[in-house]
Amino acid sequence: MAVTETAAHAETAAPASSGRTIARLWLDAVAERRDRAGYLVEDEPGAWREVSWAEAARAVDELAHGLLARGVRKGEAFGILASTRLEWVLFDFALALVGAVGAPAYATGSAREAAHILEHSDAVGVLVEDEEQRVKVEGVDLRYVLSFADLDDLRARGREHAREHPKAVEEAAAGIADDDLFTFIYTSGTTGLPKGCMIRHRNYHAMVDSALAIDDWARPDDVMLLYLPLAHNFGRLMHLQNARAGITTAFCPDPYRVREALKAVRPTVLPSVPRVYEKIQATITGRFDELSGPRRRLARWALDVGRRASEPRQRGERLRGRLALEHRLADRLVYSKVKAELGGRLRVGISGGAPLAKEIGELFHALDILILEGWGQTECTTAAAVNRPTRFRFGTVGLPMPNVELRLAEDGEVLVRSPTIFAGYYKDPEATRAVLEPDGWLRTGDVGTLDADGFLTLTDRKKDLIVTAGGKNVAPQNLENALKAAKEISQVLVVGDRRPYVTALVTLDPEAGLSPEAARPRVQKVVDEINAGLGRFEQIKRFAILPRDFSMAEGELTPTLKLKRRVCEEHFAREIEELYDG
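For any residue, its number in my numbering is found by taking its place in the sequence shown, counting from 1, and adding 970.
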């Protein structure tokens, strides 16, 4: 069954003949740089192998021919259930070449979630990584169930098909229109079952164009370490953008091995969710705290120099005079050792998927490491605003992306209009009408402010705002981010909706090595410091330290490590009620 759109387009359709398709993006990109390294793959721990663009192009062509030989056709949805690996990317491009619609699911998700995505998208087949993932789809009625182990056979069949029909893939790619669907991306489901966002070829093509229009965003000699799930729009954009720009992508399928991969690959770019930066920051501050004597004084001096240097650099000014000399000396004595932990070549870190605490961005920059925070949604095909390498402001999510308009509604909700706005939610026109205005503006549900220079600061999600029993509005994410800046703390859930006061559930970072009893005085000190700068109604009156961290396995976190608030509150209902007893 071929997929058809069930929602009105967000804007006037682009001409079908302009070639703004992902198929065309891939074919044009690989034709320019055949012999250069396109990808880095770790075949076994510590053994990284280069895959050239020519090798990748041959694999994609053979896979596309193989799909045509198997009867996969334009408009049919095809799932991918795998971790962040080269096979995922090559198969994604092969689907794009034949006009099939990708329907990826998270490898870390449950069988229920995978089945929902495959059934809801009317998928005719799925590519699974291994037997563990195959088990998740056993109950789903599918025409094709392929595994990574089957891809060699699919390529062999594709070579046979190419000999008999040498123009088949070229003709299939030429038959794809800009407005045809490229992929479904299912929302992370923080408030229920995921909804299928319909993303057209021209949406992602425009998103890639927008990203690469930013000065100094991408360089041909960049190497990116990619561990983000490709079923999420952040990771998906990175792999598409990298093909267009010629950036080498190194795959790290296991997020817990990111630190090892950083030292081995030595990337220049690291896209990440904030949690990884939070963990690195906790390690850095922990090591600084352990220093004593002259080494401690040296670290403090270097941080002071870095903070003083950060201010003019944020204004785009070059360091001069004594400050420039001090900064070079601090780099040689302190910053370079910290940067070595990230591979020693990191040009820029990109943070998205969840809010990054301002203090973390400032600390890294004081150590001469630039992390740029951005913001967007699946519904606008990834990013709507981002800080630039040459123009950034910590605590904000940056300036509007090129060709993106932002404005604020009367209640502060951020509205977005751009060529990247999705076609709507599959099979859910009512939900589509709730977020898409007739004039093309997307209602994001995020609340924020725009300063005089155009930088966007997000304050919270409309649905997440806490309204206390006294009628006061409290933004929980601000409190949660402030608490998570403490090295002992892993995750925080702030509670208080329709309650007399605000409370928090706190989980501990295992690397801190503290029991809940030993950690309580330290957490209390952090809470007291944060409360000191808040109004009475915003203050955290009580907190509980949970015996375990929130986890994806328990369904409490999305794949980008955002809290599923309702699930967390259900799982720890007893602890929450105890905070309000008496």
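Every residue gets a Cβ at the ideal spot worked out from N, C-alpha and C, and that includes glycine. What you are looking at is a predicted structure, and each value in this text was computed from that prediction instead of being measured.
For Val1246 and Pro1199, I'd like the C-alpha separation in whole angstroms. Here the question's residue 1246 lines up with position 276 in the sequence shown. Here the question's residue 1199 lines up with position 229 in the sequence shown. Going by the C-alpha atoms only, they are around 14 Å apart.
Shortest alpha-carbon distance to Ala1445 belongs to which of Val1417, Ile1254, Ile1459, Arg1292? In the sequence shown, residue 1445 corresponds to position 475, counting from 1. Out of Val1417, Ile1254, Ile1459, Arg1292, Val1417 has the C-alpha closest to the C-alpha of Ala1445.
Whole-Å CB distance - His1090 paired with Lys1397, under 8 Å assumed: Your numbering for residue 1090 matches position 120 in the sequence shown. Your numbering for residue 1397 matches position 427 in the sequence shown. Contact holds; Cβ gap of about 7 Å.
Leaving out the 5 sequence neighbours to the left and right, which residues in its chain are closer than 8 Å to Leu1289 when beta-carbon positions are compared? One-based indexing of the sequence shown puts residue 1289 at position 319. Excluding positions up to five away in sequence, the list reads Ala1279, Pro1282, Arg1283, His1297.
Counting only runs that start and end within the segment 985–1033, where is the alpha helix (DSSP H) found for 4 or more residues in a row? 992–1002
Report yes or no: do three or more beta-carbon pairs, one from the segment 1328–1341 and one from the segment 1391–1405, lie closer than 8 Å? no
For a quick check, are the C-beta atoms of Gly1166 and Tyr1395 less than 8 Å apart? Translated into positions along the sequence shown, residue 1166 becomes position 196. Translated into positions along the sequence shown, residue 1395 becomes position 425. A contact, by the Cβ cut-off of 8 Å.
In terms of residue numbering, what span does the beta strand (DSSP E) encompassing Ser1460 cover? Here the question's residue 1460 lines up with position 490 in the sequence shown. Element bounds for Ser1460: 1459–1465.
Among Leu1428, Ala1300, Ala1252, Leu1333, which one has its Cα closest to the Cα of Ala1354? As a working note, residue 1354 is residue 384 in the sequence shown. Among Leu1428, Ala1300, Ala1252, Leu1333, the Cα nearest to that of Ala1354 is on Leu1428.
Status (buried if at least 16 other CB within 10 Å, exposed otherwise) for Val1308: Sequence index remark: in the sequence shown, residue 1308 carries index 338 (1-based). The residue is buried, with at least 16 neighbouring Cβ atoms inside 10 Å.
Just verifying my parser: in three-state terms, what is the DSSP assignment at Leu1295? To locate residue 1295, count along the sequence shown from 1; it is residue 325. Helix at Leu1295.
So, at 6 Å on beta carbons, what are the nonlocal neighbours of Thr1078 in its own chain, with the 5 sequence-adjacent residues on each side left out? For the purposes of this step, residue 1078 is taken as the residue at position 108 of the sequence shown. Same-chain partners within the cutoff: Met1522, Pro1529.
Starting from the N-terminal side, write out each stretch of the alpha helix (DSSP H) that is 4 residues or longer and does not extend beyond the segment 1185–1255. 1203–1215, 1228–1235
Would you mind working out which of Gly1424, Ala1422, Arg1413, Phe1425 sits nearest Lys1433, comparing C-alpha positions? Counting from 1 along the sequence shown, the entry for residue 1433 is found at position 463. The candidate whose alpha carbon is nearest that of Lys1433 is Arg1413.
Find the nearest neighbour of Val1304 within the set Gly1286, Glu1332, Asp1338, judged by alpha-carbon distance. As a position in the sequence shown, residue 1304 is number 334, starting the count at 1. When only C-alpha atoms are compared, the closest one is Asp1338.
Report the rounded CA-to-CA distance for Gly1008 versus Gln1509, giving the unit in angstroms. Translated into the one-based positions of the sequence shown, residue 1008 becomes position 38. Translated into the one-based positions of the sequence shown, residue 1509 becomes position 539. Those two C-alpha atoms are separated by around 51 Å.
I'd like to know if the segment 1377–1388 and the segment 1347–1361 are in contact, where contact means that at least 3 CB-CB pairs between them fall below 8 Å. yes
Taking 8 Å as the cut-off, decide whether the C-beta atoms of Asn1357 and Leu1376 are in contact. Stepping through the sequence shown from its first residue, residue 1357 is reached at position 387. Stepping through the sequence shown from its first residue, residue 1376 is reached at position 406. It is not a contact, given that the beta carbons lie outside the stated cut-off.
For Ala1488 and Gln1251, the rounded distance between their alpha carbons: Looking up residue 1251 in the sequence shown gives position 281. Looking up residue 1488 in the sequence shown gives position 518. Their Cα atoms are separated by approximately 22 Å.
Take the Cβ of Val1437 as the centre, count every other Cβ of all protein chains shown within 10 Å, and call the residue buried at 16 or more, exposed below. Here residue 1437 refers to the residue found at position 467 of the sequence shown. So Val1437 counts as exposed.
Terminal residues of the continuous beta strand (DSSP E) containing Glu1375? Residue numbering aside, residue 1375 sits at position 405 when the sequence shown is read from its first letter. 1375–1378 is the extent of the beta strand (DSSP E) around Glu1375.
Which one or two residues does DSSP pair with Trp1271 in a beta bridge? Your numbering for residue 1271 matches position 301 in the sequence shown. Answer is none; Trp1271 lacks a bridge partner.
Check the C-beta distance from Val1235 over to Gln1211 and give it rounded, since I have them as a contact under 8 Å. Reading the sequence shown from its first residue, position 265 is the one you call residue 1235. Reading the sequence shown from its first residue, position 241 is the one you call residue 1211. No, Val1235 and Gln1211 are not in contact; Cβ-Cβ is about 18 Å, not under 8 Å.
Could you tell me how far apart the beta carbons of Leu1475 and Arg1512 are, in whole angstroms, since I believe they sit closer than 8 Å? In the sequence shown, counting from the first residue as 1, residue 1475 sits at position 505. In the sequence shown, counting from the first residue as 1, residue 1512 sits at position 542. Contact doesn't hold; Cβ gap of about 10 Å is too wide.
Measure the alpha-carbon distance for Val1030 versus Ala1324 and round it to whole angstroms. Position 60 of the sequence shown, counted from the start, is the residue given in the question as residue 1030. Position 354 of the sequence shown, counted from the start, is the residue given in the question as residue 1324. Each residue's Cα considered, the two are about 33 Å apart.
Can you tell which of Glu1481, Trp1023, Leu1112 has the C-alpha that lies nearest to the C-alpha of Arg1006? Stepping through the sequence shown from its first residue, residue 1006 is reached at position 36. Nearest of Glu1481, Trp1023, Leu1112 to Arg1006, Cα basis: Trp1023.
Three-pair Cβ contact test at 8 Å for the segment 1103–1123 versus the segment 1044–1057: yes
Taking DSSP as the reference, what is the three-state secondary structure of Lys1534? For the purposes of this step, residue 1534 is taken as the residue at position 564 of the sequence shown. Looking at Lys1534 - three-state DSSP - the assignment turns out to be coil, as it is neither helix nor strand.
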